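Colleague:
In the numbering used here, the protein residues as written are 31 to 130.
(1) For residue 64, which option in 78, 52, 53 has the closest C-alpha, if you only look at C-alpha atoms?
(2) Extract the residue ranges of the alpha helix (DSSP H) inside the region 31-67, only unbroken runs of 4 or more that lie entirely within it.
(3) Report yes if the C-beta distance between residue 90 and residue 37 is below 8 Å; otherwise report no.
(4) Is it buried or exposed, residue 101, if we count other Cβ atoms within 10 angstroms and call 16 or more buried?
(5) Can you grab the Cα-Cα spacing for the pair residue 39 / residue 107, in whole Å?
(6) With distances taken between CB atoms, is the gap from residue 53 to residue 88 smaller than 8 Å?
Structure representation (structure tokens):
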């Protein structure tokens with residue numbers, strides 16, 4: 031479903047929202063995939079879990095957290111507004127790992 035259409039419905043959470051537990055399961059499967067030896071041997075690969083930043087409640091929705099600003103171009107790609115929201119979190123995580 032188009033995130034803008036979900037936002038127009040006026041419901042919170044929107045029909046585009048996914049539960050935090052579903053999002054955690056998806057993230058876990060991606061992490062398992064990326065921790066296979068063919069990936070972990072790459073010193074340039076760093077896994078940063080962002081769920082705490084992107085899903086502060088029980089649902090992961092289409093909005094930039096704590097706003098009514100739509101943060102996705104489609105259901106799988108964030109837009110510029112969401113990227114701007116994530117910048118300080120990502121910078122901090124990169125700095126903590128000695129990458130900045």
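In this text, a Cβ means the ideal position worked out from N, Cα and C, and glycines have one as well.
Given the structure is predicted, the values throughout are model-derived calculations rather than measurements.
Modeller: This is what the structure gives:
(1) 78
(2) 33-38, 50-64
(3) no
(4) buried
(5) 20 Å
(6) no
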